[in-house]
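So the structure is just underneath, and the comments pick up after that.
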Amino acid sequence: VLAFGAALALQAFLAGRKVRDDADNRTNLYLLCLANSGAGKDYPRKVNQKILSHAGLADCLGDSFASGEGLEDRLFARPAMLFQTDEIDGLMTKINQAKDARHEGIMHVLLKMYSSSNSIYPMRVKAGREYGVIDQPSLCVFGTAIPKHFYDALSQKMLTNGLFARLLVLETVRRGTGQDALVRDLPDAIKRVARWWAELRSNGGNLADSHPEPLAIEQTAGARSILRHLRAHADEQYALAESRDDAAGMAIWARANEKARRLALIYACSARHECPVVDEDAARWAGAFVDHQTRRMLFMAADHVSENDFDARCKAVVSTLRKWGEQHGDEPMPFWRLNRRHPWSEREHEEIRTALLNQRLIQFEVRKTGGTPQRLYRLA
Numbered sequence: 155v156l157a158f159g160a161a162l163a164l165q166a167f168l169a170g171r172k173v174r175d176d177a178d179n180r181t182n183l184y185l186l187c188l189a190n191s192g193a194g195k196d197y198p199r200k201v202n203q204k205i206l207s208h209a210g211l212a213d214c215l216g217d218s219f220a221s222g223e224g225l226e227d228r229l230f231a232r233p234a235m236l237f238q239t240d241e242i243d244g245l246m247t248k249i250n251q252a253k254d255a256r257h258e259g260i261m262h263v264l265l266k267m268y269s270s271s272n273s274i275y276p277m278r279v280k281a282g283r284e285y286g287v288i289d290q291p292s293l294c295v296f297g298t299a300i301p302k303h304f305y306d307a308l309s310q311k312m313l314t315n316g317l318f319a320r321l322l323v324l325e326t327v328r329r330g331t332g333q334d335a336l337v338r339d340l341p342d343a344i345k346r347v348a349r350w351w352a353e354l355r356s357n358g359g360n361l362a363d364s365h366p367e368p369l370a371i372e373q374t375a376g377a378r379s380i381l382r383h384l385r386a387h388a389d390e391q392y393a394l395a396e397s398r399d400d401a402a403g404m405a406i407w408a409r410a411n412e413k414a415r416r417l418a419l420i421y422a423c424s425a426r427h428e429c430p431v432v433d434e435d436a437a438r439w440a441g442a443f444v445d446h447q448t449r450r451m452l453f454m455a456a457d458h459v460s461e462n463d464f465d466a467r468c469k470a471v472v473s474t475l476r477k478w479g480e481q482h483g484d485e486p487m488p489f490w491r492l493n494r495r496h497p498w499s500e501r502e503h504e505e506i507r508t509a510l511l512n513q514r515l516i517q518f519e520v521r522k523t524g525g526t527p528q529r530l531y532r533l534a
C-alpha cells in the first residue's frame with residue numbers, strides 16, 4: 155500500500171501541468187498513507203527522491219510546510235511540487251487546535267491550491283512587492299501517519315470545509331515479516347519514463363514553463379459512459395447525505411467525481427505515457443477505487459471524529475465492541491474486558507452506557523451467576 159501510494163503521487167506530480175482531460179481536470183492529488191510504526195513509511199519516499207533526482211527534478215521536492223505563505227512562495231518559484239510529509243497528523247493537530255492565523259492559513263492555501271490547478275492562484279499582497287499570481291499550480295502531497303493519530307487529529311470543521319474531502323486516504327494492513335535489506339539500482343525503464351515526463355513540453359517557446367498549455371487526453375466512449383454513471387451515483391449519495399443532514403457525507407461525495415476523473419487521467423498516463431488515452435479500464439479502476447475509498451473514509455471519520463470528549467469516549471466503546479464482534483461473533487463482551495480496555499470510572503461507564511442505549515447503538519444485560527452478576531455488552 156505504501157509503495158502504491160508513493161508511485162501514485164509520483165505519477166500525479168510528473169504529469170502535473172502537462173496533461174488534462176476534456177473537462178480540464180488535472181492530476182494533482184493529496185494522498186495519505188496510514189501505517190503503524192515500523193511498517194516502512196520512509197522507504198517509498200526515498201525511492202521517489204531517487205527517481206526525481208535522476209530526472210533532474212530534485213528541486214521540485216518538498217518535505218513539510220510551516221506556513222501558508224511559505225507554501226505560496228515555493229509554488230511561485232516552482233509551480234509543480236511534490237511534498238512528502240511524514241507524521242502529517244501533527245500538521246492536522248496544529249490546524250485543528252490553531253490559536254494563531256499561521257496554521258489556519260495552511261488549510262486555506264491547501265484548499266485553494268487544489269482547486270486552482272486549471273486556472274491561476276492569486277498570491278497574497280506583500281508590502282513593497284508587485285502583486286503576483288501562480289499559473290496552474292500543481293501541488294501534490296504524499297503524507298504518511300499512524301492511523302489512530304491521524305483520525306484523532308481530525309475535527310468536524312475539517313470534515314465539512316472540504317479539506318478531508320480532497321484527500322485520498324489509504325490504510326495498510328498488518329505489518330509483514332522482515333527481509334534482508336539490499337541496495338538496488340532503479341530500473342532503467344523507470345528512469346527513462348521519469349526523464350521523458352520531465353522533458354515533456356506541451357507548448358513551445360519561452361512560455362512552456364510559465365504558462366503551459368496541457369495536452370488534452372482523449373476519453374473513449376466507454377470510459378465516458380462509466381464516468382457519467384459514477385457521477386450519477388455520487389449525486390445520489392450526496393442527496394442521501396443531504397436528506398440526513400450529513401454535512402461530512404455531502405462534502406466527500408461532492409468530490410468523488412472529480413477524484414475519479416483525476417485518477418483515470420493518471421492511470422492513462424501511467425499505462426501509455428507516450429500516447430495516453432482514458433479507456434474503459436482506466437475509468438472502471440478509478441470509479442471502483444474512489445467509491446471504495448469514499449465509503450471507507452466516511453466510515454473511519456464517523457468512528458473517530460467526535461464533537462467533544464464524551465462523544466469521543468462513546469465512539470471508542472462502539473469501536474471496541476465492533477472489534478470484539480469481529481473476533482467473537484455473537485458472544486457478548488464482559489464488562490471487565492471493556493473496563494480493562496477503557497479504564498474509566500464507574501460513573502463514566504454508566505453515563506456512556508446510558509447514552510449508547512438511548513441511541514440504540516448497544517445492547518446491555520446483567521446475567522446472574524453464583525457470585526457477582528455479569529455485565530455483558532454487544533453492539534445493537
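Residues in the sequence shown are numbered from 155 upward in steps of one, following the numbering used here.
We put the CB at the ideal spot given by N, CA and C, even for glycine.
Strand pairing of residue i, partner residues [DSSP]
{"i": "LEU185", "result": "PHE296 and LEU322"}
{"i": "VAL173", "result": "LEU369"}
{"i": "PHE237", "result": "GLY216 and VAL295"}
{"i": "LEU533", "result": "ILE516"}
{"i": "VAL432", "result": "GLN373"}
{"i": "LYS274", "result": "What sits at residue 274 in the sequence shown is Ile, not Lys. Answer is ASP289, bridged to ILE274."}
{"i": "MET487", "result": "TYR531"}
First and last residue of the uninterrupted alpha helix (DSSP H) at residue i
{"i": "ASP196", "result": "196-208"}
{"i": "ALA352", "result": "342-353"}
{"i": "GLU160", "result": "The identity of residue 160 in the sequence shown is Ala, whereas the question assumes Glu. 156-168 is the span of the alpha helix (DSSP H), which, as asked, contains ALA160."}
{"i": "HIS303", "result": "301-307"}
{"i": "GLY403", "result": "401-408"}
{"i": "THR526", "result": "Run containing THR526: none; DSSP gives neither H nor E here."}
{"i": "LEU313", "result": "310-314"}
Length of the line joining the Cα atoms of residue i and residue j
{"i": "CYS187", "j": "ASP217", "result": "15 Å"}
{"i": "PRO368", "j": "GLU428", "result": "14 Å"}
{"i": "CYS214", "j": "SER221", "result": "18 Å"}
{"i": "LEU492", "j": "THR523", "result": "19 Å"}
{"i": "ILE274", "j": "GLY316", "result": "20 Å"}
{"i": "VAL263", "j": "ILE420", "result": "24 Å"}
{"i": "LEU452", "j": "ILE406", "result": "8 Å"}
{"i": "VAL327", "j": "GLN310", "result": "26 Å"}
{"i": "HIS365", "j": "SER292", "result": "13 Å"}
{"i": "PRO531", "j": "MET487", "result": "Looking at the sequence shown, residue 531 is not Pro but Tyr. Using only the alpha carbons, I get a separation of about 5 Å."}
{"i": "ASP363", "j": "HIS387", "result": "38 Å"}
{"i": "LEU229", "j": "ARG507", "result": "51 Å"}
{"i": "VAL444", "j": "LEU533", "result": "29 Å"}
{"i": "LEU336", "j": "LYS200", "result": "14 Å"}
{"i": "ARG409", "j": "ILE205", "result": "30 Å"}
{"i": "CYS468", "j": "LEU510", "result": "7 Å"}
{"i": "LEU475", "j": "PRO276", "result": "49 Å"}
{"i": "SER473", "j": "ASP457", "result": "7 Å"}
{"i": "ASN190", "j": "LEU156", "result": "11 Å"}
{"i": "LYS248", "j": "VAL520", "result": "44 Å"}
{"i": "ASN179", "j": "LYS172", "result": "11 Å"}
Three-way DSSP call (helix, strand, coil) for residue i in this model
{"i": "MET246", "result": "helix"}
{"i": "GLN333", "result": "coil"}
{"i": "ARG228", "result": "helix"}
{"i": "ARG449", "result": "helix"}
{"i": "ARG521", "result": "strand"}
{"i": "HIS496", "result": "coil"}
{"i": "ALA193", "result": "coil"}
{"i": "HIS458", "result": "helix"}
{"i": "LEU417", "result": "helix"}
{"i": "GLY259", "result": "helix"}
{"i": "ASN179", "result": "coil"}
{"i": "VAL279", "result": "coil"}
{"i": "SER364", "result": "coil"}
{"i": "SER356", "result": "coil"}
{"i": "HIS387", "result": "helix"}
{"i": "LEU211", "result": "coil"}
{"i": "SER542", "result": "Nothing about residue 542 can be read from this structure; the chain reaches only from 155 to 534."}
{"i": "VAL444", "result": "helix"}
{"i": "ARG438", "result": "helix"}
{"i": "LEU264", "result": "helix"}
{"i": "HIS427", "result": "coil"}
Residue i, enclosing beta strand (DSSP E) - first and last residue
{"i": "ARG467", "result": "Per DSSP, ARG467 belongs to no beta strand (DSSP E); it is in the alpha helix (DSSP H), 463-482."}
{"i": "ASP289", "result": "287-289"}
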